[in-house]
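Counting from 1, position 183 in the sequence shown corresponds to residue 182 in our numbering; the numbering is continuous, with no gaps. Beta carbons are placed, not taken as given, at the ideal position from N, Cα and C, and that holds for glycine.
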Amino acid sequence: MENNTSRRKAMKKIVEGAAAVALTGAVASRLEAADNIMGAALKGRINHSVCRWCYDSIDLDALCRAAKNIGLQSIELLTVEEFETVKKHDLTCAMVSGIGKDYGITKGWNKKENHDGLEEWYKYLIDETSKAGFKNLICFSGNREKKLNDEDGLKNCARGLKKIMKYAEKKKVTIVMELLNSRVDHADYMCDHTDWGVELCKSIDSDNFKLLYDIYHMQIMEGDIIRRIRDNHKYIAHYHTGGVPGRHEIDETQEIYYPAIMSAIAETGFKGFVAQEFIPIRADKLASLKQGVNICDI
């Protein structure tokens, strides 16, 4: 009987010890998960942002909290209806979305028949961007459909965009056209090379019209990223990241060495934002975001 009692006491201690270990392990796991999001203060040479659409499975409030913890200053490509949420968290929107029900990436400024509708739409967006205290508003060339050549498309873009530039200047909003690849993701998109975008900037000739240099897209289209940035930085208002190939995490799983590119950007005196725009494929999306920011935080 005494032996049985002793065994029961011993077993109880073993069970209690195992439970304590399990509890300690659970707490450690939670702390480790929290540490995946929380990070040390960033270095300050790069202003960090993230594109909302890459994390659309996460509630915007939750994404704002995570962004603040990671050290980001912005969540971008937001609609007007989302402005108040980021402002509530003391974040900015470094690039406002320009996509509406009638206009977007494929249907843009390179067609004259789009100009009247786009002028009305963009004046509304300029007003809302200005009222919110944000600075940059994205735009798109549109596709080459019906064999529209690049020279005529550029002229059409310049003609249409000049209709809103005085208004943008008055409201202190910069209109920013994104460079996208037409080989993998956006077949037939016209603004698919840096030189074309720079020529459009020269034609419009306004400090309130610049380019969004998407590193992922331009690696696919032309490469030579650092030289392109150094030669054309005065026409660039904003940068996006993404791993090539696949547009996923920007670590050693892909071909671009982002620390060197970030150093080149900083050396130009750039004071705008670099936004993470990769599509995370790992289970912990916020850990991937933190990793991407840390890679770019040179």
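For Tyr102 and Glu118, the gap between their C-alpha atoms comes out near 11 Å. Leaving aside the five residues that flank Glu81 on each side, the residues in its chain whose CB is nearer than 7 Å to its CB run, in chain order, Leu59. Contact check for Gly97 against Leu136 passes: the beta carbons are separated by less than 8 Å. The DSSP-derived three-state label of Asp223 is coil.
Phe277 and Gly241 have their C-alpha atoms spaced approximately 4 Å apart. Taken in chain order, the complete beta strand (DSSP E) segments of 3 residues or longer contained in the segment 61-141 are 73-75 and 135-138. One Cα belongs to Ile255, the other to Ile235, and the distance between them is close to 20 Å. Comparing C-alpha distances from Phe272 to each of Asn68, Leu90, Ile125 and Thr78 shows the shortest one belongs to Leu90. A direct Cα-to-Cα measurement between Leu41 and Met261 gives close to 14 Å.
In terms of Cβ geometry, Thr173 and Lys122 do not form a close pair [threshold 8 Å]. Annotation for Leu147: no beta strand (DSSP E) segment contains it, and DSSP assigns it neither H nor E. Within 10 angstroms of the beta-carbon of Lys110 lie 16 or more other beta-carbons, which makes it buried.
By the CB criterion at 8 Å, Ser140 and Cys200 fall outside the cutoff. From the listed residues Gln218, Glu221, Ile203 and Ile264, the smallest Cα separation to His232 is found for Ile264. The three-state secondary structure of Cys190, taken from DSSP, is coil.
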